[in-house]
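A.B. asks: Dropping a structure here in structure tokens format, bear with me for questions.
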Amino acid sequence: MISGKQRWLFVSLFYFMIVILAVVSLVPLYWTVLTAFRPQEEAFTYPPSFVPSRIVFDNIRSTWKLAPFGRFFFNTLVVTAACVSGQIVFGSLAAYAFARMEFPGRDFLFLLILGGMMIPPVITLIPLFIMMRQFRWIDTYYALIMPYLWGQPIGLFLFRQFFLTIPKSLEDAATIDGCGHLRIFQTVIVPNASHAFLTVAVITFVFTWNNFLWPLIVTNRETMKVLSVAIATTFQSEKTVLWTNLMSAATLSVAPLILLFLVAQKNFVESIQLSGIK
Amino acid sequence: MKRSTYLVFALALAVACSGTVMAEGTSESSGTSSQPVELRFMIWDSTQRDTYELSIPKFEEKNPGIKINIEVAGWAQYWPKLQTEMAGGTAPDIFWNQIRYFPSLVENNVLLDLTPFIERDKIDLSKYDKTVLKIFQADDKIYTIAKDRDAIVLVYNKDLFDKVGLPYPDASMDWNPRDGGKLFEVAKRLTLDQSGNSAADPGFEPKRIVQYGIISDNRGQPFHWNFVLMNGGGVQREPLSREFLLDKPKTVEAMQFLADLVNVHHVAPPATTADYHPGQARQTFATGRLAMITDGSWVFKQFQETANFRWGVAPLPEGPEGRVSITNGIGETISADSKNKEESWTALKYFAGEENHRFFAEAGNVVTSLKSMESVYVDFWKSQGVDASPVIEMLSGKTALSPSTKGWNEIDASIKKHYDLLFLGQVDAQTAGNNIMADIQRILNN
Amino acid sequence: MVLPTISAFGISATKWNILGLPQYVGLSNYFDLIFRDPVFWHSLWLTVLYTLYEIPIQLVIALVLAIQLNKGMAGTGIFRTIFVMPWITTPIAVGLIWKWILDPNFGLLVKPLSWFGIHAPTILNSLWFALPSIALVNIWRFTGYKMMLFLAGLQSIPHTVYEAAEIDGANGFKRVWYITLPLLKPATMFVVITSLIGSFKIFDTVFIMTQGGPGDATRVYYFYLYQNAFEFFKMGYASAMAVLLFMIIMAMTLVQYWYFKSQITYDLT
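Protein chains in written order, with the working numbering: chain A, 1 to 278; chain B, 1001 to 1446; chain C, 2001 to 2269.
Below you can see the structure in the form of structure tokens.
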């Protein structure tokens, strides 16, 4: 048995390591936000200073004026809400089918869908674009949402893994009670995999929020751009990068996500307590 | 998860759908007798869009049947996006073009030949800079009139020069690959180590450098191609030709000199980043620890904003074959598939006209290709405290086009690759040149 | 989504420069790739190397962090948010900031390295560091994300199991080895498979930070593919690369899938 003192040593060592890692995680981000809020001439001084001489909001202001950021936020929210909902609803149902229902070719089909993750998006770009054009969806929300609405392989995969860990006995009990698949899904799977749902929602949210190659290809008008596209296009031209504006925009773009996480954290804790009680 | 959570998701889906319906727009429009023709105009620089937004309303006033919608794509994604749209048949009516991609686009017949339009409307091409017009010509056909041009100049940190008591660079500065000329002397005096010794002093410690005299790196147009030309070497035998000179003695000599500045003499910082996602070199200059940088006239705005020291502009140092600056320009070209060719041409005519050029000259971002606007550009920068006349001097001297040809991108990737190794000191210039030529052979044979 | 994939296979059998019409060339793209293109093999090798740099370190740290944070120590919620922040930041900002941090002359690391007597450019500017630097940035970026996934997996292990183990006298380390890890297998399977797929498709960071250089030091597979597709106008060639990548990843995934399948029992009762 480890003595009390040794245990204390271990714990504080771990704590120390975690704090170091946290600092490492934060430094580049701190630098991003710092560049956004400090005067432009200080962006590249050497030696680099961690504390700004003063805080300015000019960068944020000029960034907001450079492009319709309110609109970008709206677009991004709409697209993200739709994709997350789609992923949650359709992805979970499909995953349930793969996890619990038996049908011929099930595993093969699953592997095929996994295969979808393995094709580099660059290659499917043009054929998909042509498809969007046929449907006249270019420059509309449809083109931004439809390819992702039915869920992506990664979400499906994650759901399936989690559903598989739910004890079969619970489902057997429900079947005995006369439940069909849909009822089982509602009453057994969903409550017991709540952290899986939360995780997938969060992952899809972040992915869609930061997704940028496809939205860029498929939208033209300024009013249809999403945040990630706006950041990429507004501040970089062939030979210049508007550093401070870019950092401001990045800060603006990351803020909602951080908020999302702080909120989601609380739910994580709740769901631990829920799943502990059997 | 409770019932209510599902409700939330359903609600979100509904909001998304209604948002879609509300804000939906169509992407194709053609003119009817009551509606104006809408032209799609794609560019890659959002700060220049602001200038267009000053001139386009004037254009639309004079031409009520035409409306221009500007779309900005970032530089890094501009060409994939353009190509995807062309493949999908929805290319913009007008879009910015540039020498790197121009030959390949011409080869594939996606650009509208403007020669008949120019002849019909009797546009006087002599008012424009000759060199830069050539960018957009192929096989005696003209595809557009270049809208702007640039020159490479020497930008220097006035404060650093003052600190060591050296006079600012001017037209008397020279260089040569044998002893480096005045450029090298000055660079040495301005490279300082921790104890304050310069590279010209005996006690100089290369491992403790805190300030560099000049930057020498793999940037191509803003840097080494100019020096190669000034030495009598070159990239291609003539513009757009497929015969390359990268292993020839004069080219090799110049490149070796530049690489040695980094690895042998330590007057230039080790820098492996080529300038594609621009700015490592410029950021280094903005730190105030770099005395001189050669760069293009497009960079003044950025320096103005990020430098907290005084800086000035000088012509490039004179080489064995004189002074040469690479020049490059952007042009607005029309898609060969455009459904609104006549209207697009009308727009182009305006863009090439004096009124539009004046707006750009006043904004100071670029030197327009209309020679008459040169003084406007210089005046703008004078009002900002910067003497930009060296830019005009370089432009009136010998200029050369940025290298390009059909399939240039692949060749350039090879050049960059091998020159990276050269600047790192891993290979010498002759080996690099030979390797590049071998790659080029392979690429051209494919 | 299926149609574009099929057409991608089709395009790989052509020579197509996007702007014109595709020309059928059969399997010559594949032939050129495998037998005549040294860069292809180099990029494949780089990608494997990159995976070896990134994945083991990342997964170990993520797992350790997840186990620690799952114990409910003080400040867990905040730490979890902090670790995840690198992953949620816009890739462009991440790339540019790291490029500046790693600048060999005036970046953030120059001073600290000099405290250890290291002349920064010797490392930061060297050819051998280029690929590890990309791995470094991505380890920084995604460890928190993997940690989050492991956490979700850990939370599906009911407390009762741990309680039973404690009663049986298992101490901390034994608990982890004999109980946590085996029960975590479904989540581990997910993380390992998706991590490998992801690292084989690494692109963003390379695009923003090094563009494949210096020399060919970071010309990873997907980046070379992208160059062929959109810079060199060789879409058919790039599609062939994509098909080959698909086959390689598929093979790897199948192996892992069968390995994990034989290892996992899903029922706890």
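Here a beta-carbon is modelled for each residue, glycine too, at the ideal position from N, C-alpha and C.
(1) Quick check: Ser2043 of chain C and Val2220 of chain C, are their CB atoms within less than 7 angstroms of each other?
(2) Would you say Ile1099 of chain B and Ser1404 of chain B are within 7 angstroms of each other, going by their C-beta atoms?
(3) Measure the alpha-carbon distance for Phe2232 of chain C versus Glu1410 of chain B and round it to whole angstroms.
(4) Nearest by alpha-carbon distance to Arg2209 of chain C: which of C:Pro2132, C:Thr2076 and C:Pro2056 is it?
(5) Tell me the DSSP secondary structure of Val89 of chain A in three-state form.
(6) Starting from Asp1295 of chain B, trace the beta strand (DSSP E) in both directions and tell me its first and last residue.
(7) May I ask you to report which of helix, strand or coil DSSP gives Ser1030 of chain B?
(8) In chain order, what residues of the same chain lie with their CB nearer than 6 angstroms to the CB of Leu227 of chain A, ignoring the 5 residues before and after it?
(9) Where does the unbroken alpha helix (DSSP H) through Ala1314 of chain B begin, and where does it stop?
(10) Roughly how many whole angstroms lie between the Cα atoms of Met2250 of chain C and Ile1215 of chain B?
(11) Quick check on Ile2179 of chain C: does DSSP put it in helix, strand or coil?
(12) Just checking: is the beta-carbon of Val263 of chain A within a distance shorter than 7 angstroms of some beta-carbon in chain C?
(13) Please report how far the alpha carbon of Gly1425 of chain B lies from the alpha carbon of Glu1238 of chain B, in whole angstroms.
(14) According to the neighbour-count rule (16 or more other Cβ atoms, all chains shown, within 10 Å of its Cβ), is His1266 of chain B buried or exposed?
(15) Return the chain-ordered list of same chain residues with a C-beta closer than 8 angstroms to the C-beta of Tyr2050 of chain C, the five sequence neighbours on each side being excluded.
(16) For the alpha helix (DSSP H) containing Ser1325 of chain B, list its first residue and its last residue.
(17) Check this for me: beta carbons of Asp1295 of chain B and Val1386 of chain B, under 7 angstroms apart or not?
(18) According to DSSP, is Tyr46 of chain A part of a helix, a strand, or is it coil?
(19) When you compare only the Cα positions, how much space is there between Leu2063 of chain C and Met117 of chain A?
(20) Given Val2191 of chain C, which residues of its chain have a CB within under 7 angstroms of its CB, disregarding the five upstream and five downstream residues?
(21) Output the distance between the C-alpha atoms of Ala1336 of chain B and Leu216 of chain A, rounded to the nearest integer angstrom.
(22) Drop a sphere of 10 angstroms on the beta-carbon of Asp1093 of chain B, count the other beta-carbons inside from all chains shown, and report buried for 16 or more, exposed for fewer.
(23) Shorter than 7 angstroms from the beta carbon of Asn2105 of chain C to some beta carbon of chain B?
(24) Find the nearest neighbour of Leu2109 of chain C within the set A:Val33, A:Leu29, A:Pro48 and A:Ala81, judged by alpha-carbon distance.
(25) Are the C-beta atoms of Lys1371 of chain B and some chain A residue less than 7 angstroms apart?
(26) I want to see whether chain A comes within less than 7 angstroms of Ser1027 of chain B, judged by CB atoms only; does it?
(27) So Gly2212 of chain C contacts chain A; which residues on that side make the cut at Cβ distance below 7 angstroms?
(28) Hey, is Ala43 of chain A's beta-carbon within less than 7 angstroms of any beta-carbon in chain D?
(29) Below 8 angstroms on the Cβ atoms is my guess for Tyr2030 of chain C versus Ala2240 of chain C; work out the distance and round it to an integer in Å.
(30) Can you say whether Lys2111 of chain C is buried or exposed, counting buried as having 16 or more other CB atoms within 10 angstroms of its CB?
(31) So what does Ala249 of chain A bridge to, in DSSP terms?
(32) Quick one: give me the first and last residue of the beta strand (DSSP E) that Phe1041 of chain B is part of.
(33) Can you find a C-beta in chain B that's less than 7 angstroms from the C-beta of Lys2010 of chain C?
(34) List the residues of chain C that Arg1289 of chain B touches, going by C-beta distances under 8 angstroms, in chain order.
(35) In terms of DSSP beta bridges, what is Glu1243 of chain B paired with?
(36) Does the beta-carbon of Trp2045 of chain C have 16 or more other beta-carbons within 10 angstroms, so that it is buried, or is it exposed?
C.D. replies: Walking through what the data contain:
(1) Their beta carbons are under 7 angstroms apart, which means Ser2043 of chain C touches Val2220 of chain C by this criterion.
(2) In this structure, the beta-carbon distance from Ile1099 of chain B to Ser1404 of chain B falls below 7 angstroms.
(3) Between the alpha carbons of Phe2232 of chain C and Glu1410 of chain B lies a distance of about 5 angstroms.
(4) This sequence places Met at residue 2209 of chain C; Arg is not what is there. Per the Cα distances, C:Pro2132.
(5) DSSP, read as helix, strand or coil, puts Val89 of chain A in helix.
(6) Element bounds for Asp1295 of chain B: Leu1290 to Gly1296.
(7) Low confidence applies to Ser1030 of chain B: its pLDDT is 42, below 50, so where it sits in the model is not reliable, and the reading given next is rough at best. Residue state for Ser1030 of chain B is assigned as coil, using DSSP reduced to three classes.
(8) Same-chain partners within the cutoff: Phe72, Thr76 and Ser253.
(9) For Ala1314 of chain B, there is no enclosing alpha helix (DSSP H); the enclosing beta strand (DSSP E) covers residues Trp1311 to Ala1314.
(10) Straight-line spacing of the CA atoms in Met2250 of chain C and Ile1215 of chain B works out to 46 angstroms.
(11) Reduced to three states, the DSSP call for Ile2179 of chain C is helix.
(12) Interface flag for Val263 of chain A against chain C is unset, since no Cβ pair is found closer than 7 angstroms.
(13) Put simply, the backbone Cα of Gly1425 of chain B is about 30 angstroms away from that of Glu1238 of chain B.
(14) Its Cβ being crowded by 16 or more others within 10 Å, His1266 of chain B is buried.
(15) Leu2131, Ile2134, Ala2135, Ser2199, Ile2202 and Val2220, listed in sequence order.
(16) Counting along the chain, Ser1325 of chain B falls outside any alpha helix (DSSP H), though it belongs to the beta strand (DSSP E) covering Val1324 to Thr1327.
(17) Not a contact, by the Cβ cut-off of 7 angstroms.
(18) In the three-state scheme derived from DSSP, where H, G and I count as helix and E and B as strand, Tyr46 of chain A is classed as coil.
(19) Our two residues, Leu2063 of chain C and Met117 of chain A, have alpha carbons roughly 24 angstroms apart in a direct line.
(20) Close CB contacts of Val2191 of chain C within its chain, under the 7 angstroms cut and outside five residues either way in sequence, are with Leu2059, Lys2146, Leu2149 and Phe2150 (chain order).
(21) Whole-angstrom Cα-Cα distance: 23 angstroms.
(22) Buried: at least 16 other Cβ atoms inside 10 Å.
(23) At least one chain B Cβ lies under 7 angstroms of Asn2105 of chain C.
(24) Selected option, being the one with the closest Cα: A:Pro48.
(25) With 7 angstroms as the cut-off, Lys1371 of chain B does not count as an interface residue toward chain A.
(26) The predicted model places Ser1027 of chain B with a pLDDT of 37, which falls under 50 and marks its position as unreliable; any figure quoted below should be read in that light. Taking CB atoms only, Ser1027 of chain B has a neighbour in chain A less than 7 angstroms away.
(27) Residues of chain A passing the Cβ test: none, with the nearest at roughly 15 angstroms.
(28) No chain D appears in this structure, whose protein chains are A, B and C.
(29) By a beta-carbon distance limit of 8 angstroms, Tyr2030 of chain C contacts Ala2240 of chain C. Their separation comes to about 5 angstroms.
(30) Exposed, because fewer than 16 other Cβ atoms sit within 10 Å of the Cβ of Lys2111 of chain C.
(31) Under DSSP, Ala249 of chain A shares a beta bridge with no residue.
(32) If you look at Phe1041 of chain B, you'll find it in the beta strand (DSSP E) that goes Val1037 to Ile1043.
(33) Checking the displayed sequence, the identity of residue 2010 of chain C turns out to be Gly instead of Lys. Chain B contact via Cβ: absent.
(34) Asn2105 and Phe2106, listed in chain order.
(35) Looking at the DSSP output, Glu1243 of chain B bridges to nothing.
(36) Result: exposed.
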